[in-house]
Amino acid sequence: MTLLDAPQFDVARDKRRRLILSSAASALFVLFVTFWLVSGRPIDWPWNWYTHFAGRSAMNHFLADVEQNNLQKAYGVWLHDPDWQQHHNELKFYTFDTFQKGWAPDSQNNDYGTIRSHKIVAARVYGNALLAAILINGRKSGALNLEHDPRTHTLLFPPPDVEIDPESYSH
């Protein structure tokens, strides 16, 4: 076959190939934007978006259980162990009694009183963990700071020197 014997240009095949490529690129863009929206519109690198998604989801489930005063279920979310009651004797670092003293609506140690609503107003990845500032009951100051460890999927209180001030950090 010589250059002069080249096959005829197939317009339909070229049009079909362009349509497939543009559809695939559009679908990838839509998936990218959708994942960004679902993960809470983080201003962070895309490879951290799942950390935002998982952390926000765990914090929302935890606080929803606290709002419903279902502290046993909330404790299971805190530890990422819904069956914590089966082996509660092994949990020495943060017992359910200590948890209940801090989160029960009538507790002396609960700074927020009865928790009726929450809103995550700021979140960022710090090291390997997701730090979040959460406004409780519509308060504009005194945000609750929580940390989500993506390796163990547990919730923690962050050290005071790495807490987020929601007024200085815009989501």
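Numbering (the working numbering), first residue to last: 77 to 247.
Each residue gets a CB set at the ideal place from its N, CA and C atoms; glycine is no exception.
Small disclaimer: the values here were computed from a predicted structure and weren't measured.
Buried or exposed by the 16-neighbour rule on C-beta atoms within 10 Å, applied to residue i
| i | result |
| --- | --- |
| R94 | exposed |
| V153 | buried |
| P118 | buried |
| L97 | exposed |
Inter-residue Cα distance where the pair is residue i and residue j
| i | j | result |
| --- | --- | --- |
| P235 | A101 | 43 Å |
| A82 | R92 | 21 Å |
| Q144 | E166 | 27 Å |
| D182 | F138 | 18 Å |
| A208 | D187 | 18 Å |
| L147 | D120 | 32 Å |
| F175 | S133 | 20 Å |
| M135 | P158 | 15 Å |
| D241 | H128 | 18 Å |
| H247 | Q84 | The pLDDT assigned to H247 is 44, lower than 50, so where the model puts this residue is not dependable, and the model offers no usable value. |
| F233 | V106 | 35 Å |
| S99 | D90 | 14 Å |
| Q162 | K168 | 14 Å |
| Q184 | E223 | 23 Å |
Nearest to residue i (by Cα), restricted to the options the options
| i | options | result |
| --- | --- | --- |
| V142 | H224, K177, F169, R200 | K177 |
| L206 | R89, T228, V87 | T228 |
| V201 | L113, L155, N124, G189 | N124 |
| L220 | A140, N204, E239 | E239 |
| Y126 | Q84, S115, D237 | S115 |
| H156 | V106, L231, F129 | L231 |
| S193 | N213, W112, G218, Y170 | N213 |
Whole-angstrom C-beta distance between residue j and residue i, which should lie under 8 Å
| i | j | result |
| --- | --- | --- |
| G131 | A198 | Not quite, the Cβ-Cβ distance comes to about 12 Å (not below 8 Å), so this is no contact. |
Residues near residue i by beta carbon distance below 7 Å, same chain, minus five either side
| i | result |
| --- | --- |
| F172 | Y151, H164 |
Beta-carbon proximity list for residue i, same chain, < 8 Å, skipping 5 on both sides
| i | result |
| --- | --- |
| F108 | P122 |
| W112 | P118, P122, W125 |
6 Å CB neighbourhood of residue i in its chain, flanking five on each side removed
| i | result |
| --- | --- |
| K195 | L211 |
| D32 | Because the chain here runs from 77 to 247, residue 32 falls outside it and cannot be looked at. |
| T190 | P181 |
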